[in-house]
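Using numbering that gives the first Met the number 0, read the sequence shown as starting at 0 and increasing by one per residue. Scroll down for the structure; my scribbles are underneath it.
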Amino acid sequence: MTPLAQALAGPGGPGPWILLVPLVWALVVAGAVLVLRRTAWRGRPPWHGPRDGAGHGPSPATMLGRRFAAGQMDEDEYRRRLAVLDERSGTGSHEGGDS
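Below you can see the structure in the form of structure tokens.
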């Protein structure tokens with residue numbers, strides 16, 4: 000054995016620290032699996048926030064507010080459609096509109 004190997008191994012062999020090598024690799028593999036499960040395997044990075052069942056993009060009330068702001072409909076039509084959306088969603092409030 001070389002002098003460096005003898006110094007690291009000690010008089011009785013490598014010692015109990017040799018068990019740390021498989022433990023470190025197990026932690027590396029577990030960390031990689033955890034990262035993959037939270038990102039790639041779900042198809043989105045974790046910084047996109049929690050997944051909601053409503054789908055992607057703006058809500059219907061927000062789209063309605065944008066159309067009203069763009070002048071594509073008048074105030075009466077906006078309020079009428081917003082009331083229909085509120086009835087369907089079961090809430091008394093709406094987002095993106097005036098109160």
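All C-beta atoms in this analysis are idealised placements derived from N, C-alpha and C, irrespective of residue type, glycine included.
| Inter-residue spacing [alpha-carbon to alpha-carbon] between Thr-38 and Ser-88 | Cα to Cα, the separation comes out at about 31 Å.
| Is it buried or exposed for Leu-18, if we count other Cβ within 10 angstroms and need 16 for buried? | So Leu-18 counts as exposed.
| Excluding five sequence neighbours on each side, which residues of the same chain lie with their C-beta closer than 7 Å to the C-beta of Arg-66? | Cβ within range, chain order: Met-72.
| request: Look at Leu-84 and Ala-68 and say whether their C-beta atoms are less than 7 Å apart. | output: Leu-84 is not a Cβ neighbour of Ala-68, given a cutoff of 7 Å.
| field | Buried or exposed (CB count within 10 angstroms, at least 16 for buried), Arg-64 | value | Arg is not the amino acid found at residue 64; the sequence shown has Gly there. Burial call: buried.
| query | When you compare only the Cα positions, how much space is there between Ala-25 and Val-32? | reply | Between Ala-25 and Val-32, the C-alpha separation is close to 11 Å.
| Cβ neighbours of Val-27 in the same chain (closer than 7 Å, five flanking residues each side left out) | Answer for Val-27: no residue qualifies.
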